[in-house]
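There are 2 protein chains.
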Amino acid sequence: MEITKPTLVVDLKIAEQNIKRMAEKFTQKGIQFRPHFKTHQSHFIGELYRKFGITKCTVSSVGMASYFAKNEWTDITIAFPANLLEIKEMNALAEQIQLQILVDSLEKVKILSEGISPKISLFIEIDTGYFRSGILWEELTQIEEVIRAIEAVPQFAFVGFLSHTGNTYSQPKVEDVLSLFDTSRRKMLDLKHYFIRDYQNLILSLGDTPAASLAIEFDGVDEMRPGNFVFYDVMQYLLGACKVENIAVAVYCPVVAKYPKRNQIVIYGGGVHLSKEKLKWKGKDIFGLVSIPDEQGFGRLISGAYVESLSQEHGLINMPSTEIDQINLGDLLAIYPIHSCMTVDLNIEMLSLDGSVISKYRTY
Amino acid sequence: MEITKPTLVVDLKIAEQNIKRMAEKFTQKGIQFRPHFKTHQSHFIGELYRKFGITKCTVSSVGMASYFAKNEWTDITIAFPANLLEIKEMNALAEQIQLQILVDSLEKVKILSEGISPKISLFIEIDTGYFRSGILWEELTQIEEVIRAIEAVPQFAFVGFLSHTGNTYSQPKVEDVLSLFDTSRRKMLDLKHYFIRDYQNLILSLGDTPAASLAIEFDGVDEMRPGNFVFYDVMQYLLGACKVENIAVAVYCPVVAKYPKRNQIVIYGGGVHLSKEKLKWKGKDIFGLVSIPDEQGFGRLISGAYVESLSQEHGLINMPSTEIDQINLGDLLAIYPIHSCMTVDLNIEMLSLDGSVISKYRTY
Chain B
1 MEITKPTLVV
11 DLKIAEQNIK
21 RMAEKFTQKG
31 IQFRPHFKTH
41 QSHFIGELYR
51 KFGITKCTVS
61 SVGMASYFAK
71 NEWTDITIAF
81 PANLLEIKEM
91 NALAEQIQLQ
101 ILVDSLEKVK
111 ILSEGISPKI
121 SLFIEIDTGY
131 FRSGILWEEL
141 TQIEEVIRAI
151 EAVPQFAFVG
161 FLSHTGNTYS
171 QPKVEDVLSL
181 FDTSRRKMLD
191 LKHYFIRDYQ
201 NLILSLGDTP
211 AASLAIEFDG
221 VDEMRPGNFV
231 FYDVMQYLLG
241 ACKVENIAVA
251 VYCPVVAKYP
261 KRNQIVIYGG
271 GVHLSKEKLK
281 WKGKDIFGLV
291 SIPDEQGFGR
301 LISGAYVESL
311 SQEHGLINMP
321 STEIDQINLG
331 DLLAIYPIHS
341 CMTVDLNIEM
351 LSLDGSVISK
361 YRTY
Chain L
365 MEITKPTLVV
375 DLKIAEQNIK
385 RMAEKFTQKG
395 IQFRPHFKTH
405 QSHFIGELYR
415 KFGITKCTVS
425 SVGMASYFAK
435 NEWTDITIAF
445 PANLLEIKEM
455 NALAEQIQLQ
465 ILVDSLEKVK
475 ILSEGISPKI
485 SLFIEIDTGY
495 FRSGILWEEL
505 TQIEEVIRAI
515 EAVPQFAFVG
525 FLSHTGNTYS
535 QPKVEDVLSL
545 FDTSRRKMLD
555 LKHYFIRDYQ
565 NLILSLGDTP
575 AASLAIEFDG
585 VDEMRPGNFV
595 FYDVMQYLLG
605 ACKVENIAVA
615 VYCPVVAKYP
625 KRNQIVIYGG
635 GVHLSKEKLK
645 WKGKDIFGLV
655 SIPDEQGFGR
665 LISGAYVESL
675 SQEHGLINMP
685 STEIDQINLG
695 DLLAIYPIHS
705 CMTVDLNIEM
715 LSLDGSVISK
725 YRTY
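Top to bottom, those sequences are chains B and L.
So for the first sequence, the numbering used here puts the first residue at 1; every next one is plus one.
So for the second sequence, the numbering used here puts the first residue at 365; every next one is plus one.
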């Protein structure tokens, strides 16, 4: 594998282990596993899921749903507030596949009912306290109005309640993730109990990677939709949701300058390759962790080394003085991304460790 | 122009005015203007520069240099530490065009001299205090050694000293930008004075958008390489380097949810469309400013509205209560990006206001 410029590399063996672990966890619990494919956006990675019996997926846009529908995924949830400007595309999709979309207002149900003709399933998106999108879990009257509006439309089927507890990502500790997920799950469960008598088939769909990785108690949850876990990243590692050896993607970057006096190395690899996503680590902003790749894979993490700033194409690495001598101009370093969803999206191509190109949605 | 999902729109009239203003400024001062094309990465935008007599450009990667070389740009500087893994590509380019590359160590000059055969020009990159890449301006002995090493290689020509005062971007006020640029310019000028007797043709190449926009005094500077000014952005606007009406790019994003009780709107438009670049504004992190586009262009900025957070595809807008009623589901909002270089890079296509597709490097 000859790499000459910043290149996203996937360790498929690790990705497959991550999928296996998560698929087995939810199968054992009798919970439907509908993984989010926005992290990899790749038909090829999608195939790895089929090995474990997964046939349903989640995506974050109509375009991504169309890409996976073309690749024989026949049951897809677009876990994003339905975009009224893409009704034509949603109609085309709903003609072909079992499609679930999200609503959270009467107004949206009304406009969709006028534009969508094929059979389509609707989740009501519930906000359990993340305050991004969805109806607040406690607004029972509003929720009931929306259910009734959905049920009144012949081509619409009400599926249940869907929530994304995205605030687990910013929790400082494992116990905070668990406690937050549990609170959200209980709020959703109350909702289920309240409505189940009238809508006996309603399901609860939850799913964020930190909780899916760490939680044990999923009582009442019918479906989980984590996505990030397929590759994991530094954010999940530092949060405790994975080990460093579970991280399945890294950006290989050439070393283009060395400044031993200030313990810094410049790589060809900037915000356009890694994304400007950062997090606090030991009081500092970091944009990635660093390892030296070898024949087998990403290699060992260099203790104490981190990406301290990113320009468009430059990455500035802080490298401990004990390590800097072994790094030469023209070497490749593997940078573990802070947030793999963002990094993978940026890179038009991915390579596997054996150098094969893995195609993605945006190149499709 | 029918837009149904997040779309990068360019106001070509504004971009052309930005180019005209900057070209005239440097022409009047007798300074060579070699604009950085990493901001737009588009042959089509490159053509706008030719109207004002510009025939030389700057890029940030070998790939981008090849793209512009194919589009008849015959004099290109790659303003990035030369990447030893792309010597083959640099050779191919140097066979075709007048190519300038950057070095900042004896080691790099040595390795390049063994691999590069066509005539090529080398700048020594100087660090005047940004501490990213380059030899520190005060390291006269080291600089002289590198010049001698370059001069000893028959196919190499030493052009002069190049610096990027990237720390102007993070200055709080116009006077800080001016003072920082002036300090850097004087350091470079000292270097020029020191070496000019032995190397009479050496030039000084500087250029960052804040200083290029705001400074008046360029004594001793032979070449300027700003890039961002072609589109500008919220960062430059808040820094005082441009007016809001000089911003030439915005991402048009559909409104997908409204939460009037908490003065928030959700748009389809996230980190993958805008980039996670943020800045502090009135004590808050912001990821973009917001306007309502009309037939003529991006329209008026909504006072007090800003993008307060971004997920992969969601943007959460804080919208003053006095403004939220006029915004409906399915409307398009124009989001002015924090840093146009990053946002433009993310978007595979750009549209002009009349709906024509403007092709870019990554789609080439």
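A virtual CB, placed ideally from N, CA and C, is assigned to each residue, including glycine.
Linking L:ASN682 to L:ILE629 through their CA atoms gives a straight-line distance of about 7 Å. A direct Cα-Cα distance of roughly 40 Å separates B:PHE52 from L:TYR616.
Taking one beta carbon from each stretch, the segment 480-487 of chain L and the segment 449-466 of chain L have 3 or more pairs nearer than 8 Å; the two touch.
DSSP, reduced to helix, strand and coil, places B:ASN91 within a helical segment of the structure shown. Bridge pairing for B:ILE143: absent [DSSP]. Put simply, the CB of B:PHE231 is far from chain L, with every gap to its CB atoms at 8 Å or more. Under the Cβ distance rule, L:THR707 does not count among the residues neighbouring chain B, no pair being separated by less than 8 Å.
For L:TYR431, the uninterrupted alpha helix (DSSP H) run begins and ends at 426-434, by DSSP. With distances taken between CA atoms, B:MET188 lies nearest to B:GLY160 out of B:GLY160, B:LYS282, B:ARG362, B:PHE26. Here L:ILE702 is near L:GLY652, since their CB atoms are less than 8 Å apart.
Within chain B, no C-beta atom comes less than 8 Å from the C-beta of L:GLN535; the nearest is roughly 16 Å away.
Of all residues in the segment 62-79 of chain B, only VAL62, GLY63 come within less than 8 Å of chain L when Cβ atoms are compared, listed by chain position. Here B:SER133 is buried. Its C-beta has 16 or more other C-beta atoms within 10 Å.
Here the alpha carbons of L:LEU638 and B:SER105 stand approximately 27 Å from one another.
Within the segment 287-315 of chain B, the residues whose Cβ lies closer than 9 Å to some Cβ of chain L are SER309, SER311, GLN312, GLU313, HIS314, listed in chain order. Contact of B:ASP285 with chain L by beta-carbon distance below 7 Å is absent, the smallest such distance being about 12 Å. By the C-beta criterion, the segment 226-242 of chain B is judged to be in contact with the segment 204-212 of chain B, since at least 3 inter-stretch pairs fall below 8 Å.
At a beta-carbon threshold of 8 Å, the residues of chain B lying near L:GLY530 are SER311, ordered along the chain.
In this structure, the beta-carbon distance from B:LEU346 to L:LEU710 falls below 8 Å. The three-state reading of DSSP puts L:LEU693 in coil, since its state is none of H, G, I, E or B. Under the three-state reduction of DSSP, B:PHE298 is assigned to coil, being neither helix nor strand. Between the C-alpha atoms of B:ASN71 and B:ILE54 there is a straight-line separation of about 14 Å. If you compare the alpha carbons of L:GLN535, L:GLY679, L:ASP586, L:TYR700 with that of L:GLY604, the shortest gap goes to L:GLN535.
Excluding its 5 nearest sequence neighbours in each direction, B:SER340 has C-beta neighbours in its own chain below 7 Å: THR39, ASN228, PHE231, TYR232, ASP233, VAL249, listed in chain order.
Going by DSSP, B:GLY115 is part of the alpha helix (DSSP H) stretching over 106-115.
In this structure, L:TYR623 sits away from L:GLU677, with a CB-CB distance that is not shorter than 8 Å.
A contact between stretches requires three or more CB pairs, one per stretch, nearer than 8 Å, and the segment 85-92 of chain B meets this requirement with the segment 108-116 of chain B. Spanning the alpha carbons of B:ALA79 and B:VAL59 requires a straight line of approximately 6 Å. Scanning its chain for C-beta atoms nearer than 8 Å, with the 5 sequence neighbours on each side dropped, one finds around B:VAL272 the residues GLN312, GLU313, LEU346, in chain order. Straight-line measurement puts the Cα of B:GLY355 at about 8 Å from the Cα of B:GLU2. In the three-state reduction of the DSSP assignment, L:GLN464 falls in the strand class. The beta-carbon of L:GLU471 is placed less than 8 Å from the nearest beta-carbon of chain B. The C-beta separation of L:VAL671 from L:ILE699 comes to about 6 Å, placing the pair in contact by the 8 Å criterion.
Contact annotation: B:CYS57 and B:ILE76 have beta-carbon atoms nearer than 8 Å.
The alpha carbon of B:TRP137 has as its nearest neighbour, out of B:LEU112, B:TRP281, B:ARG185, the alpha carbon of B:ARG185.
Note on B:LYS360: 16 or more other CB atoms within 10 angstroms of its CB, so buried under the neighbour-count rule.
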